[in-house]
Ligand code: SAH
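In the working numbering, the protein residues as written are 1468 to 1687.
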């Protein structure tokens, strides 16, 4: 019963998932490992059962508490940008949400850390990782603007909620040559930035316009 749910059927089947991956490739996602991860991880497990049949459309989906699981294209784009210059060992995600982005990262990076300010989302994500046998993700319920100092430095940090300005602690928790992918700006429309830490400075590249939920202060 459990196995059948993971595997999916009809609108949640492997065939449907393969079609989505084909579409992402057609839209310009080139990293084969990223495409493979998206073929492997069942996105329908990360949304409410009532929404499962829409899990392989290329759209954002609600996950409760006014939050959303990003559109698959954006998940793929951000993951691809994070890994663009080679493999990373330790990655921190801000905004666990459903856990889907972290599960994709877990296929590609040995150690994934993820923080979430809403306790019940964090607990649900933990259950999903267990159900899928994902053992290399560590979760924490806290305000992600602080990052995760005890586990720093990170080779990569990926934020899936948008602050108005880049939190200083995230910059500080980047390793040398580490990269931060983060949407920055006001409600509704932000710029997706790629920040790379060098010896002297933080270099900034603008990737594309995006729309994420806001990064809020405090936990709840
Ligand atoms: N990566 C998620 C996307 C979730 S939406 C997924 O794959 O499903 C963004 C998430 O960021 C929400 O769950 C929201 O609660 C969380 N968030 C917003 N501000 C935060 C903060 N300061 N610290 C940690 N998480 C935060």
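All residues carry an ideal CB built from backbone N, CA and C; glycine is no exception.
So which of 1683, 1488, 1513 has the shortest CA-CA distance to residue 1544?
By one-based count along the chain shown, residue 1544 stands at place 77. The shortest Cα separation from residue 1544 among 1683, 1488, 1513 belongs to 1488.
Please report the straight-line C-alpha distance between residue 1626 and residue 1503, rounded to a whole angstrom.
Counting from 1 along the chain shown, the entry for residue 1626 is found at position 159. Counting from 1 along the chain shown, the entry for residue 1503 is found at position 36. Computed Cα separation, rounded: 22 Å.
By Cβ distance below 6 Å, which residues in the same chain neighbour residue 1648 in space, the five residues on each side in sequence not counted?
As a first step, residue 1648 is located in the chain shown; it is residue number 181 there, counting from the start. The answer, listed in chain order, is 1545, 1548, 1549, 1625, 1661.
Please say whether residue 1561 and residue 1508 have beta carbons closer to each other than 7 Å?
As a first step, residue 1508 must be located in the chain shown, where it is residue number 41. As a first step, residue 1561 must be located in the chain shown, where it is residue number 94. In this structure, residue 1561 does not lie closer than 7 Å to residue 1508 by Cβ.
Under a three-way DSSP split, which group does residue 1686 fall into?
As a position in the chain shown, residue 1686 is number 219, starting the count at 1. Correct three-state label for residue 1686: coil.
Is residue 1613 a contact residue of the ligand SAH, with contact defined as CB to any heavy atom under 6 Å?
Numbered from 1 along the chain shown, position 146 holds the residue referred to as residue 1613. No, Cβ of residue 1613 sits at least 6 Å from all heavy atoms of the ligand SAH.
Quick check on this structure: which residue in 1676, 1575, 1607, 1514 has the alpha carbon closest to the alpha carbon of residue 1687?
Position 220 of the chain shown, counted from the start, is the residue given in the question as residue 1687. Considering only alpha carbons, the answer is 1607.
Is any heavy atom of the ligand SAH found at a distance shorter than 6 Å from the C-beta of residue 1501?
On the chain shown, position 34 is the one that residue 1501 refers to. No.
Taking 6 Å as the line, does the beta carbon of residue 1682 fall inside it for any heavy atom of the ligand SAH?
Counting from 1 along the chain shown, the entry for residue 1682 is found at position 215. Yes, Cβ of residue 1682 sits closer than 6 Å to a heavy atom of the ligand SAH.
Using the beta-carbon count (16 or more within 10 Å), is residue 1486 buried or exposed?
Numbered from 1 along the chain shown, position 19 holds the residue referred to as residue 1486. Classification of residue 1486: exposed, given that the 10 Å Cβ count is below 16.
Roughly how many angstroms lie between the CA atoms of residue 1604 and residue 1667, to the nearest whole one?
If you number the chain shown from 1, residue 1604 lands on position 137. If you number the chain shown from 1, residue 1667 lands on position 200. Looking at the two C-alpha atoms, the distance is approximately 32 Å.
Rank 1602, 1527, 1617 by C-alpha distance to the C-alpha of residue 1538 and give the top, closest one.
Counting from one through the chain shown, the residue named residue 1538 turns up at place 71. For residue 1538, the nearest C-alpha among the options comes from 1527.
Which partner residues of residue 1625 appear in the DSSP bridge assignment?
In the chain shown, residue 1625 corresponds to position 158, counting from 1. Answer is 1560, 1648.
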